[in-house]
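Numbering (our numbering), first residue to last: 1 to 153. Note that the Cβ used here is the ideal one computed from N, Cα and C, for glycine as well. For clarity, every value in this text was computed on a predicted model and none was experimentally measured. Structure first, then comments.
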(Lines of atoms letter the chains of each structure in order from A and count residues from 1; the text may use other names and numbers.)
(Lines give C-alpha, C1' and ligand atoms only; values in the text may rest on other atoms or scores of the structure.)
Protein backbone atom coordinates (compact mmCIF):
# COMPACT_ATOMS: atom_id res chain seq x y z
CA UNK A 1 0.00 0.00 0.00
CA UNK A 2 2.82 2.44 0.84
CA UNK A 3 4.45 1.82 -2.55
CA UNK A 4 1.21 2.77 -4.27
CA UNK A 5 0.76 5.89 -2.11
CA UNK A 6 4.36 6.97 -2.68
CA UNK A 7 3.93 6.52 -6.44
CA UNK A 8 0.73 8.60 -6.43
CA UNK A 9 2.44 11.32 -4.36
CA UNK A 10 5.50 11.46 -6.64
CA UNK A 11 3.73 11.28 -9.99
CA UNK A 12 0.15 12.39 -9.50
CA UNK A 13 -1.87 15.52 -8.81
CA UNK A 14 -0.26 15.87 -5.37
CA UNK A 15 3.12 16.50 -7.04
CA UNK A 16 1.67 19.18 -9.29
CA UNK A 17 0.01 21.03 -6.40
CA UNK A 18 2.54 20.87 -3.55
CA UNK A 19 5.64 19.42 -5.18
CA UNK A 20 7.25 16.01 -4.77
CA UNK A 21 7.43 14.62 -1.22
CA UNK A 22 10.78 14.72 0.56
CA UNK A 23 10.19 11.35 2.22
CA UNK A 24 7.73 8.47 2.17
CA UNK A 25 4.10 9.48 2.62
CA UNK A 26 3.72 6.44 4.90
CA UNK A 27 6.46 7.50 7.32
CA UNK A 28 4.19 9.35 9.73
CA UNK A 29 6.00 8.66 12.98
CA UNK A 30 4.41 8.68 16.43
CA UNK A 31 3.94 12.45 16.45
CA UNK A 32 1.08 12.31 13.97
CA UNK A 33 -1.07 9.31 14.83
CA UNK A 34 -1.99 7.58 18.04
CA UNK A 35 -3.15 4.23 19.20
CA UNK A 36 -6.45 3.56 20.94
CA UNK A 37 -7.52 0.27 22.46
CA UNK A 38 -10.99 -0.15 23.96
CA UNK A 39 -12.72 -3.18 25.40
CA UNK A 40 -16.46 -2.80 26.03
CA UNK A 41 -18.73 -5.32 27.70
CA UNK A 42 -22.42 -5.57 28.58
CA UNK A 43 -24.65 -8.09 30.28
CA UNK A 44 -28.23 -7.83 31.40
CA UNK A 45 -31.63 -9.36 31.52
CA UNK A 46 -35.27 -8.62 32.12
CA UNK A 47 -38.40 -10.30 33.40
CA UNK A 48 -42.00 -9.62 32.35
CA UNK A 49 -45.01 -10.73 34.37
CA UNK A 50 -48.54 -10.28 33.01
CA UNK A 51 -51.43 -9.72 35.42
CA UNK A 52 -55.08 -10.37 34.50
CA UNK A 53 -55.83 -7.43 36.78
CA UNK A 54 -53.44 -5.28 38.80
CA UNK A 55 -55.49 -2.75 40.81
CA UNK A 56 -57.74 -1.40 38.04
CA UNK A 57 -56.75 -2.98 34.67
CA UNK A 58 -54.76 -5.81 33.13
CA UNK A 59 -51.03 -5.05 33.34
CA UNK A 60 -47.52 -6.06 32.35
CA UNK A 61 -44.82 -5.57 34.97
CA UNK A 62 -41.30 -5.40 33.49
CA UNK A 63 -38.11 -5.30 35.51
CA UNK A 64 -34.49 -5.73 34.64
CA UNK A 65 -30.85 -5.17 35.34
CA UNK A 66 -27.96 -4.18 33.11
CA UNK A 67 -24.22 -3.93 33.67
CA UNK A 68 -21.81 -2.46 31.16
CA UNK A 69 -18.32 -1.12 31.17
CA UNK A 70 -15.35 -0.12 29.13
CA UNK A 71 -11.57 -0.12 29.42
CA UNK A 72 -9.93 2.56 27.29
CA UNK A 73 -6.23 3.13 26.62
CA UNK A 74 -5.37 6.04 24.35
CA UNK A 75 -1.92 7.23 23.37
CA UNK A 76 -1.54 10.09 20.94
CA UNK A 77 1.30 12.11 19.53
CA UNK A 78 -0.75 15.23 20.26
CA UNK A 79 -0.98 14.69 24.03
CA UNK A 80 1.92 14.49 26.43
CA UNK A 81 0.39 11.83 28.70
CA UNK A 82 -1.61 8.77 27.64
CA UNK A 83 -5.21 8.35 28.81
CA UNK A 84 -6.35 5.30 30.72
CA UNK A 85 -10.03 5.19 31.69
CA UNK A 86 -12.18 2.44 33.23
CA UNK A 87 -15.95 2.92 33.31
CA UNK A 88 -18.64 0.78 34.90
CA UNK A 89 -22.39 1.32 34.99
CA UNK A 90 -25.00 -0.71 36.85
CA UNK A 91 -28.64 -0.01 36.01
CA UNK A 92 -31.99 -1.26 37.29
CA UNK A 93 -35.35 -0.55 35.70
CA UNK A 94 -38.95 -1.20 36.66
CA UNK A 95 -42.11 -0.27 34.81
CA UNK A 96 -45.74 -1.26 34.86
CA UNK A 97 -48.07 -0.84 31.91
CA UNK A 98 -51.80 -1.08 32.47
CA UNK A 99 -53.65 -1.62 29.21
CA UNK A 100 -56.97 -2.26 27.62
CA UNK A 101 -58.04 -2.05 23.99
CA UNK A 102 -58.72 1.70 24.35
CA UNK A 103 -56.28 2.88 27.04
CA UNK A 104 -52.79 2.26 28.34
CA UNK A 105 -50.89 3.89 31.19
CA UNK A 106 -47.21 3.24 31.78
CA UNK A 107 -45.31 4.29 34.91
CA UNK A 108 -41.71 3.40 35.43
CA UNK A 109 -38.21 4.42 36.20
CA UNK A 110 -34.57 3.55 35.87
CA UNK A 111 -31.70 3.97 38.32
CA UNK A 112 -28.09 3.99 37.11
CA UNK A 113 -24.90 4.09 39.16
CA UNK A 114 -21.86 5.06 37.11
CA UNK A 115 -18.40 4.86 38.66
CA UNK A 116 -17.44 8.32 37.32
CA UNK A 117 -20.52 10.03 38.83
CA UNK A 118 -20.88 10.54 42.58
CA UNK A 119 -24.64 9.98 42.93
CA UNK A 120 -26.97 7.48 41.33
CA UNK A 121 -29.13 8.85 38.50
CA UNK A 122 -32.92 8.28 38.54
CA UNK A 123 -34.90 8.67 35.33
CA UNK A 124 -38.73 8.53 35.62
CA UNK A 125 -41.04 7.59 32.76
CA UNK A 126 -44.77 8.20 32.16
CA UNK A 127 -46.82 7.35 29.08
CA UNK A 128 -50.57 7.54 28.38
CA UNK A 129 -52.17 6.23 25.18
CA UNK A 130 -55.77 6.47 23.98
CA UNK A 131 -56.95 4.52 20.94
CA UNK A 132 -59.52 6.85 19.30
CA UNK A 133 -60.45 4.58 16.40
CA UNK A 134 -58.83 1.45 15.00
CA UNK A 135 -55.23 2.26 14.03
CA UNK A 136 -55.15 5.83 15.40
CA UNK A 137 -53.65 6.49 18.83
CA UNK A 138 -53.24 9.65 20.84
CA UNK A 139 -50.19 9.46 23.07
CA UNK A 140 -48.69 11.68 25.76
CA UNK A 141 -45.30 10.73 27.10
CA UNK A 142 -42.62 12.12 29.35
CA UNK A 143 -39.21 10.76 30.19
CA UNK A 144 -35.63 11.92 30.39
CA UNK A 145 -32.44 11.00 28.64
CA UNK A 146 -28.88 11.48 29.77
CA UNK A 147 -25.53 10.63 28.25
CA UNK A 148 -22.29 10.75 30.15
CA UNK A 149 -19.41 12.43 28.37
CA UNK A 150 -16.34 10.68 27.09
CA UNK A 151 -12.71 11.26 27.93
CA UNK A 152 -11.66 14.90 27.74
CA UNK A 153 -8.13 15.08 26.33
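| task | Using only alpha-carbon positions, find the residue among 114, 123, 44 that is nearest to residue 87. | result | On the chain shown, position 87 is the one that residue 87 refers to. The residue among 114, 123, 44 with its C-alpha nearest the C-alpha of residue 87 is 114.
| message | So if DSSP puts residue 53 in a beta bridge, which residue, or which two residues, is it bridged to? | response | Mapped onto the chain shown, residue 53 falls at position 53. Its beta-bridge partners do not exist; DSSP assigns none.
| What are the boundary residues of the beta strand (DSSP E) that residue 97 is part of? | Position 97 of the chain shown, counted from the first residue, corresponds to residue 97. That run of the beta strand (DSSP E) goes 83–99.
| As assigned by DSSP and simplified to three states, the class of residue 116 | The sequence position of residue 116 within the chain shown is 116, counting from 1. Correct three-state label for residue 116: coil.
| Secondary structure of residue 45, DSSP reduced to three states | Locating residue 45 in the chain shown gives position 45, counting from the first residue. Residue state, collapsed to three classes: strand.
| Meets three-Cβ-pair contact criterion under 8 Å: the stretch 68–83 and the stretch 93–102 | no
| request: Answer yes or no: do residue 142 and residue 123 have a C-beta to C-beta separation smaller than 8 Å? | output: Here residue 142 is taken as the residue at index 142 of the chain shown, counted from 1. Here residue 123 is taken as the residue at index 123 of the chain shown, counted from 1. Cβ distance not < 8 Å, so residue 142 and residue 123 don't count as in contact.
| Cutoff 6 Å; reference residue 90; Cβ partners in own chain excluding five residues on either side | In the chain shown, residue 90 corresponds to position 90, counting from 1. The residues are 67, 113.
| query | Between residue 103 and residue 56, is the Cβ-Cβ spacing less than 8 Å? | reply | Against the chain shown, residue 103 aligns to sequence position 103. Against the chain shown, residue 56 aligns to sequence position 56. At least 8 Å separates the beta-carbon of residue 103 from that of residue 56.
| residue 142 - containing beta strand (DSSP E), residue span | Within the chain shown, numbered from 1, the residue matching residue 142 stands at position 142. Where residue 142 is concerned, the enclosing beta strand (DSSP E) stretches over 136–143.
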